[in-house]
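Residue numbers (my numbering): 1 to 358. Think of the CB as a built atom: it goes at the ideal place given N, C-alpha and C, for glycine as much as any other residue.
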Ligand SMILES: *Cc1c(COP(=O)(O)O)cnc(C)c1O
């Protein structure tokens, strides 16, 4: 098989999604499956749909469009605020989009009208992480303007935490989102279909002791794909953490000193951290690099230690593993490594289907 190669176990992803769908259903919360880390892979999207997610979401309209054209049947939500310049494409391929700017919502309404559609809007509220969101004090004004537009429907409210600043979802900020939903309904005499509380980072809160209030949806990517919660990156009980494995091939394996020699300046990627002197090591080079993955987000198997990387080389202490030239080693990936690996055209993606899945 060709290397580098990302092996993707569809059955493990389906199991993770189904487990989370069931756990959250017991709390009155549906799961929207987030596909952006897999570039909207239709096969993975179908596995999510089979597992019982309420819909699919992606931050790129290109990925939603790809899934639609591949025949994936699901409610499609664009979870990054649309570019004004892409409004036409957004109403064509997304049923719902997350928004914070009335100028964009106006354009979505115009474009939806032009093709005889009604586009659904979730208004994102800023709860402190300082990424996207309307400040709570400004929310009712944006709701009023949105309700005044002819070809958009206010689907609900949403919030996003723990992405830019690491602000954690809490009983307090989730209760604020609930009360904003209640207040919006009372003020305008409307019903909101969806209050989307957040991401995989909300799982501890959602499965914890306090009331989930009005929150009835979470958008899950990392927890489904990697089986970990993103606040402390701990494995989630009962989920697979190894649905993805990256394989790379050894192109050089030689005994070398662990310390460089000569005068030192910057390397290709800034000032390198000098390695510890551990005498002579069996140094291996894998044919993969920063173009293909985030080396800092790779975990090798036992006995191999990663030492450095450049655009196209990953350097390791092979220890006693004795991997010869031409051998492959497998690596587990964190979210950052997964994102970049999925985006590398040099990495073959191989889908594996476990027992019992067609
Ligand atoms: C990426 C993203 C998600 C999914 O986050 P995970 O941590 O992967 O679960 C949810 N909502 C928004 C707005 C996102 O951008």
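Unbroken alpha helix (DSSP H) stretches of 4 residues or longer found wholly inside the stretch 132-169: 139-147, given in chain order. Taken through DSSP and simplified to helix, strand or coil, residue 256 comes out as strand.
For residue 119, the pairing in a beta bridge is given by DSSP as 152. By the neighbour-count definition (other C-beta atoms within 10 Å, threshold 16), residue 70 is an exposed residue. The residue among 335, 284 and 188 with its C-alpha nearest the C-alpha of residue 325 is 284. Under the 8 Å Cβ criterion, the stretch 76-92 does not count as touching the stretch 37-53, having fewer than three qualifying pairs.
The Cβ-Cβ distance between residue 100 and residue 84 does not fall below 8 Å.
When only Cα atoms are considered, residue 47 and residue 30 end up about 16 Å apart.
DSSP assignment within the stretch 162-226 yields the following whole beta strand (DSSP E) runs of 3 residues or more, N-terminal first: 194-198 and 217-220. Minimum Cα-Cα distance from residue 224 among the listed residues 3, 5, 18 and 7 corresponds to 18. In this structure, ligand 1 has a non-hydrogen atom nearer than 7 Å to the beta-carbon of residue 222.
Beta-bridge pairing by DSSP links residue 77 to 57 and 96. Per DSSP, residue 265 lies in no beta strand (DSSP E) and is assigned neither H nor E.
Straight-line spacing of the CA atoms in residue 94 and residue 177 works out to 24 Å. In its chain, beyond the 5 residues on either side, 294 and 297 have a beta carbon closer than 7 Å to the beta carbon of residue 336. Non-local beta-carbon contacts of residue 234 in its own chain, meaning distances under 7 Å to residues more than five positions away in sequence, involve 228 in chain order. Here DSSP, grouped into helix, strand and coil, assigns residue 283 to strand. Of all alpha-carbon atoms in 14, 121 and 82, the one lying nearest the alpha-carbon of residue 239 is that of 14. The beta carbon of residue 36 is closer than 7 Å to those of 58, 59, 60, 63 and 221 in its chain, skipping five residues each way along the sequence.
Annotation: the continuous beta strand (DSSP E) that includes residue 5 extends over 5-9.
The stretch 3-10 makes contact with the stretch 244-251; the number of CB pairs closer than 8 Å reaches 3 or more.
Within the same chain, 31, 220, 223 and 224 come within 7 Å of residue 20 by CB-CB distance, once the 5 residues on both sides are set aside.
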